[in-house]
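Peer 1:
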Amino acid sequence: MAKYLIKRIGQSLLTLFIILTVVFIMVRQMPIDGYFENIDKLDEAVIKATLDNMGLNDPILVQLKDFFLDLLQGDLGTSARYSQGVPITKIVAEKAPISIILGVLSMAVSLILGIPLGAAMARSKNKFWDKFGTLFIVLINAVPAAVYYIYIQSYGTSLVNMIMHLIQGEEAAKIGMLFDQTRWVTWILPVFSMSLGNIAYYAMWLRRYMVDEMNKDYVRLARAKGVDSKKITMRHVFRNAFVPMIQYIPTSLLYTVGGSIYIESLYSIPGMGGLLVEVIQRQDNPMVQAIVMIYSCIGIVGMLLGDILMAVIDPRISLTRKEGAR
Amino acid sequence: MKKTPILSVQGLNVKFSLRGKTLHAIRDVSLDLYKGETLAIVGESGSGKSVLTKTFMGLMDTNGWIDSGSIWYEGKDLAQYKTEKEWLAIRGKEIAMVLQDPMTSLNPLKTIGAQIIEALKLHQHLEGPAAHQRMIETLMDVGIPDPERRAKQYPHEFSGGMRQRVVIAIAIACKPKILICDEPTTALDVTIQAQILHLIRELVRKYDLTTVYITHDLGVVANVADRVAVMYAGDIIEIGESREVFYDARHPYTWALLSSLPQLGVKGEDLFSIKGTPPNLFLEIKGDAFAPRNPHALKIDFEERPPFFDVSPTHKARTWLLDPRAPKVDPPQILQRLRKGEGV
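And the structure:
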């Protein structure tokens, strides 16, 4: 197990190093405009002096070395155009928490609703819950998210207000369409909207894997052994069906935490979601570089965690050398 | 051997609903399973041998049902069992099963010790050290060396033969009365097959089990069975002691089946094969199901289902050829070789 972990972490670090290098070099190929608030108003000498000062005229390998040294000290550079002179870590630190909280909540909702739905669908194959779940999955996948997000926002807001009115009576304060960090009721709709896609995704895959497992011989043997069908579903089928899914859950969690562009702009949530698009539009080279790197890290860490989780629950993976037939 | 039936099937009919049509999988089967005997049920794929034994444990697929008939076991009619709760008192505890493919019949995520203990908890209500103790004993019984260490391992750390031993350990752990072996050696290496058969035979003696083998390997049958039942198209068409069915078969289908033994073939000649295909069980079968493929078929074979004719007190066959009025037909020449003790 330890050997496997070390090997797997080493691979991730290597991948990360390669990605960071590639991103760094690519951003260096962009126009230098992206390092200045307003390059047209500056004369050549000032531009050159600033670039020299930033080290951008050094040989690329020296720049790369400086970049990694800064990175090791947690320095991502400063924003050039988006919010001039402010350290990027500070900008991210302001925006990330809200996205992380929303993401974690939405992930929890997706798992809490998606997994029981998938399991119920598998258990009642071709009966009510299966048909209901299939309808839901098809709708979520077929209708563009933007469409149902807007419906949820407009009708959902009225619905939430109505329910609040029923519970709290006249003194219930109405909520608007937009997100207000200080009022928990306004969290419901964004979190719910963000969860829908993942609920459908988990339900669909869990159902599929569980139905596959249910037809396996070990389930027949468990039945012949006298295990009741509920325990077979929980102890045997579910765990085996979850192995192929668990690999993707950390990645999907981390991407959710990375923020949803659409939800955040719809409810005007001050999160990370729109940041990458915005800094690309504003041609803020240091920020584009930093944020692309953050998302790459998220992807790599997600896959690493997925593989580790899988090794934890599947004994067949932790073996580094071949055993078996003897 | 004292002949007390431990399980008695009477007039059993099993049907399946498939794509809106009804398939008659078991057609009016009656069978006594005697205490302590080893019965082999042989027949080609689709003849209903697996379905028949599944009805003993309520393990039929959900689209199948018992249409009529009864299965008597210890004064209870298992054919009347409807709920899972009723069946849980039988499965694993009274009747246990060994499946065909040991590579897939164990849960890959649980240690083999845990999989045996699961059964012990259910039926023997053993917990903790007592369950562990019994689990280790069972592993020793099935000949797994170093059981303390092996119990902590996962199925993928075992070879096919060893896994089949584990499956057998699960089956016998709760000391069932009847053991059903559904082609227990088909998926195994030939050298391992003999070991597993030998092991089952030893356990049958030690645990005083009544055994049912489902197989289409007549070699296995000759090796282990006291009695043989031959199934065709959902019906038992001949049943008798092993020796009687092998050396004095009476039903033309049994003749054909035995003639297909590759051991009886002559080098250079084509192996014997039965012409035609088994009947479509979606359609109603009239007369003897084997008649259309039977070169010795009589007119009545197409019209009326033959009754069982007794050949000896222990041997009977469902064929009109045994009727006193029927013309005398000799078994195929090739079966003479069986009598001479060649092959098998």
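Protein chains in written order, with this note's numbering: chain A, 2 to 327; chain B, 350 to 693.
Cβ atoms here follow ideal geometry from the backbone N, Cα and C, with glycine treated the same way.
Since the structure is predicted, the reported quantities are computational estimates derived from the model, not experimental observations.
If I follow the unbroken beta strand (DSSP E) through B:Glu467, where does it start and stop?
Peer 2: Within the second sequence, the letter at position 118 stands for residue 467 of chain B. Careful: B:Glu467 lies outside any beta strand (DSSP E), inside the alpha helix (DSSP H) at 461-472.
Peer 1: Does the segment 352-361 of chain B come close enough to the segment 416-428 of chain B that 3 or more CB-CB pairs lie under 8 Å?
Peer 2: The segment 416-428 of chain B vs the segment 352-361 of chain B: in contact.
Peer 1: Sorted by chain position, which residues of the same chain lie with C-beta nearer than 8 Å to B:Asp490's C-beta, five sequence neighbours on each side aside?
Peer 2: The residue given as residue 490 of chain B occupies position 141 in the second sequence. Answer for B:Asp490: Ala518, Ile521, Leu552, Lys555, listed in chain order.
Peer 1: Just tell me which of A:Val148, A:Pro191, A:Leu222 has its CA closest to the CA of A:Ser111.
Peer 2: Locating residue 111 of chain A in the first sequence gives position 110, counting from the first residue. Of A:Val148, A:Pro191, A:Leu222, the residue nearest in Cα terms is A:Pro191.
Peer 1: Is the beta carbon of B:Met452 sitting closer than 9 Å to the one on B:Arg512?
Peer 2: What you label residue 452 of chain B is simply residue 103 of the second sequence in a count that begins at 1. What you label residue 512 of chain B is simply residue 163 of the second sequence in a count that begins at 1. It is a contact, given that the beta carbons lie within the stated cut-off.
Peer 1: Give a yes or no on whether the C-beta atoms belonging to B:Thr560 and B:Ile585 are separated by under 9 Å.
Peer 2: Counted from its first residue, the second sequence places residue 560 of chain B at position 211. Counted from its first residue, the second sequence places residue 585 of chain B at position 236. Against a cut-off of 9 Å, the Cβ pair of B:Ile585 and B:Thr560 comes out as no contact.
Peer 1: What do you reckon, are the CB atoms on B:Arg576 and B:Gly589 nearer than 9 Å?
Peer 2: Residue mapping note: residue 576 of chain B aligns to position 227 of the second sequence, counting from 1. Residue mapping note: residue 589 of chain B aligns to position 240 of the second sequence, counting from 1. Their beta carbons are under 9 Å apart, which means B:Arg576 touches B:Gly589 by this criterion.
Peer 1: Determine the direct distance from the alpha carbon of A:Leu207 to that of A:Ala174, and round the result to whole angstroms.
Peer 2: Mapped onto the first sequence, residue 174 of chain A falls at position 173. Mapped onto the first sequence, residue 207 of chain A falls at position 206. Cα-Cα distance, rounded: 40 Å.
Peer 1: Start and end of the beta strand (DSSP E) containing B:Phe658?
Peer 2: As a first step, residue 658 of chain B is located in the second sequence; it is residue number 309 there, counting from the start. Looking at the DSSP string, the run of the beta strand (DSSP E) that includes B:Phe658 is 658-661.
Peer 1: Give the residues from the segment 73-84 of chain A that approach chain B closer than 7 Å (Cβ to any Cβ), ordered along the chain.
Peer 2: Residues passing the 7 Å Cβ filter: none.
Peer 1: Taking B:Glu590 as part of the beta strand (DSSP E), name the residues at either end of that continuous run.
Peer 2: Counting from one through the second sequence, the residue named residue 590 of chain B turns up at place 241. Run containing B:Glu590: 584-590, per the beta strand (DSSP E) assignment.
Peer 1: Can the beta-carbon of B:Leu687 be found less than 9 Å from the beta-carbon of B:Tyr596?
Peer 2: Working through the second sequence from its first residue, we reach residue 687 of chain B at position 338. Working through the second sequence from its first residue, we reach residue 596 of chain B at position 247. Closer than 9 Å, so yes.
Peer 1: Taking the straight line between their C-alpha atoms, what separation do you get for B:Ala646 and B:Gly636?
Peer 2: As a working note, residue 646 of chain B is residue 297 in the second sequence. As a working note, residue 636 of chain B is residue 287 in the second sequence. So the alpha carbons of these two residues sit roughly 11 Å apart.
Peer 1: Exposed or buried, which one is B:Thr487 when buried takes at least 16 other CB atoms within 10 Å?
Peer 2: Taking the first residue of the second sequence as 1, we reach residue 487 of chain B at position 138. By the neighbour-count rule (16 or more Cβ atoms within 10 Å), B:Thr487 is buried.
Peer 1: Would the beta-carbon of A:Met288 fall within 9 Å of that of A:Thr252?
Peer 2: Numbered from its first residue, the first sequence carries residue 288 of chain A at position 287. Numbered from its first residue, the first sequence carries residue 252 of chain A at position 251. Cβ distance not < 9 Å, so A:Met288 and A:Thr252 don't count as in contact.
Peer 1: Taking only beta-carbon positions, decide if A:Leu123 is within less than 9 Å of chain B.
Peer 2: If you number the first sequence from 1, residue 123 of chain A lands on position 122. Reading off the sequence shown, one finds Ala at residue 123 of chain A, where the question assumed Leu. No - not a single Cβ of chain B is within 9 Å of the one on A:Ala123.
Peer 1: Which stretch, first to last residue, makes up the alpha helix (DSSP H) that contains B:Ala598?
Peer 2: Within the second sequence, the letter at position 249 stands for residue 598 of chain B. Premise fails: B:Ala598 is in no alpha helix (DSSP H) and is neither H nor E.
Peer 1: Ordered along the chain, which non-local residues of its own chain (more than five positions away) have a Cβ less than 6 Å from that of B:Arg376?
Peer 2: Residue 376 of chain B sits at position 27 when you count from the first residue of the second sequence. Here the set comprises Gly583, Asp584.
Peer 1: Name, please, each residue of chain E whose Cβ falls closer than 9 Å to the Cβ of B:Tyr562.
Peer 2: The question asks about chain E, but that chain is absent: this structure's protein chains are A and B.
Peer 1: Comparing the C-beta of A:Ala312 with each C-beta of chain B, is any distance below 9 Å?
Peer 2: For the purposes of this step, residue 312 of chain A is taken as the residue at position 311 of the first sequence. So, not an interface residue.
Peer 1: Using Cβ-Cβ distances below 7 Å, what residues of the segment 468-490 of chain B are close to chain A?
Peer 2: Correct list: Ala468, Leu471, His472.
Peer 1: Under a Cβ-count criterion, where at least 16 other Cβ atoms within 10 Å of its own Cβ denotes burial, should B:Asp538 be classed as buried or exposed?
Peer 2: In the second sequence, counting from the first residue as 1, residue 538 of chain B sits at position 189. Exposed, because fewer than 16 other Cβ atoms sit within 10 Å of the Cβ of B:Asp538.
Peer 1: What number of angstroms, rounded off, separates the C-alpha of B:His474 from the C-alpha of B:His481?
Peer 2: The count along the second sequence starts at 1 and reaches residue 474 of chain B at position 125. The count along the second sequence starts at 1 and reaches residue 481 of chain B at position 132. So the two alpha carbons sit approximately 12 Å from each other.
Peer 1: For B:Pro627, count the other beta carbons within 10 Å of its own beta carbon; 16 or more makes it buried, fewer makes it exposed. Which is it?
Peer 2: Residue numbering aside, residue 627 of chain B sits at position 278 when the second sequence is read from its first letter. Buried, because 16 or more other Cβ atoms sit within 10 Å of the Cβ of B:Pro627.
Peer 1: Can you pull the DSSP bridge partners for B:Gln359?
Peer 2: Here the question's residue 359 of chain B lines up with position 10 in the second sequence. Answer is B:Ser419, bridged to B:Gln359.
Peer 1: So for B:Val378, helix, strand or coil by DSSP?
Peer 2: Your numbering for residue 378 of chain B matches position 29 in the second sequence. Three-state result, B:Val378: strand.
Peer 1: DSSP three-state call for A:Phe69: helix, strand or coil?
Peer 2: Here residue 69 of chain A refers to the residue found at position 68 when the first sequence is read from its first residue. Of the three classes helix, strand and coil, the one that applies to A:Phe69 here is helix, per DSSP.
Peer 1: In whole angstroms, what separates the C-alpha of B:Lys524 from that of B:Ala500?
Peer 2: Mapped onto the second sequence, residue 524 of chain B falls at position 175. Mapped onto the second sequence, residue 500 of chain B falls at position 151. Near 19 Å, if we compare the C-alpha coordinates of B:Ala500 and B:Lys524.
Peer 1: Taking three-plus beta-carbon pairs below 8 Å as touching, is the segment 60-78 of chain A in contact with the segment 280-295 of chain A?
Peer 2: Output reads yes: the segment 280-295 of chain A touches the segment 60-78 of chain A.
Peer 1: Please name the residue or residues paired with B:Leu528 in a DSSP beta bridge.
Peer 2: Working through the second sequence from its first residue, we reach residue 528 of chain B at position 179. The partner list for B:Leu528 (beta bridge, DSSP) reads B:Ala445, B:Thr560.
Peer 1: Whose C-beta lies closer than 7 Å to the C-beta of A:Ser261 among residues of the same chain, with five residues either side of it excluded?
Peer 2: Stepping through the first sequence from its first residue, residue 261 of chain A is reached at position 260. Closer than 7 Å at Cβ, skipping near neighbours: Met195, Gly274.
Peer 1: What are the boundary residues of the alpha helix (DSSP H) that A:Lys132 is part of?
Peer 2: Against the first sequence, residue 132 of chain A aligns to sequence position 131. Per DSSP, A:Lys132 belongs to the alpha helix (DSSP H) from 129-143.
Peer 1: Could you tell me whether any Cβ in chain B is nearer than 9 Å to the Cβ of A:Ser155?
Peer 2: Residue 155 of chain A sits at position 154 when you count from the first residue of the first sequence. No - not a single Cβ of chain B is within 9 Å of the one on A:Ser155.
Peer 1: Tell me which residues share the same chain as A:Ile10 and place their Cβ nearer than 8 Å to its Cβ, disregarding the 5 neighbours each side in the sequence.
Peer 2: The sequence position of residue 10 of chain A within the first sequence is 9, counting from 1. Within the same chain, A:Ile10 has close Cβ partners Leu305.
Peer 1: From A:Trp188 to A:Ile33, what does the alpha carbon distance come to, in whole angstroms?
Peer 2: What you label residue 188 of chain A is simply residue 187 of the first sequence in a count that begins at 1. What you label residue 33 of chain A is simply residue 32 of the first sequence in a count that begins at 1. Roughly 41 Å between the two C-alpha positions.
Peer 1: Return yes when the Cβ of B:Val447 is within less than 9 Å of the Cβ of B:Pro533, no when it is not.
Peer 2: Indexing the second sequence from 1 puts residue 533 of chain B at position 184. Indexing the second sequence from 1 puts residue 447 of chain B at position 98. Their beta carbons are under 9 Å apart, which means B:Pro533 touches B:Val447 by this criterion.
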